[in-house]
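Numbering (this note's numbering), first residue to last: 3 to 83.
Have a look at the structure below before the remarks.
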């Protein structure tokens, strides 16, 4: 399935770390908002820290526009604590 801009994404549920605690999130939690799924390979690598920091620094601006940014990696949820 190829992603399509301005079309609904398929439903999903995932484990996340939010404010230092484990939480299950799903796409339906963000109904009525735009969502950016920011995929990166792994934590603690040199590959993406610039992009991760940039998204983090602009999070409030995204929220003002009705958009949430979700960072997604292949790491264990425990690596995000």
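By construction, the Cβ of each residue, glycine as well, lies at the ideal position given by its N, Cα and C atoms.
Small disclaimer: the values here were computed from a predicted structure and weren't measured.
- Judged by beta-carbon spacing, residue 71 lies beyond the 8 angstroms limit of residue 43, meaning their Cβ atoms are not closer than that value.
- Within the segment 13-49, the complete beta strand (DSSP E) runs of at least 3 residues fall at 15-20, 23-28 and 36-41.
- Between the alpha carbons of residue 37 and residue 63 lies a distance of about 13 angstroms.
- Only residues of its own chain outside the window of five on either side were considered, and among them 39, 40 and 41 have a CB closer than 7 angstroms to the CB of residue 74, listed in chain order.
- The residue from 57, 29, 65 and 4 with its alpha-carbon nearest to that of residue 15 is 29.
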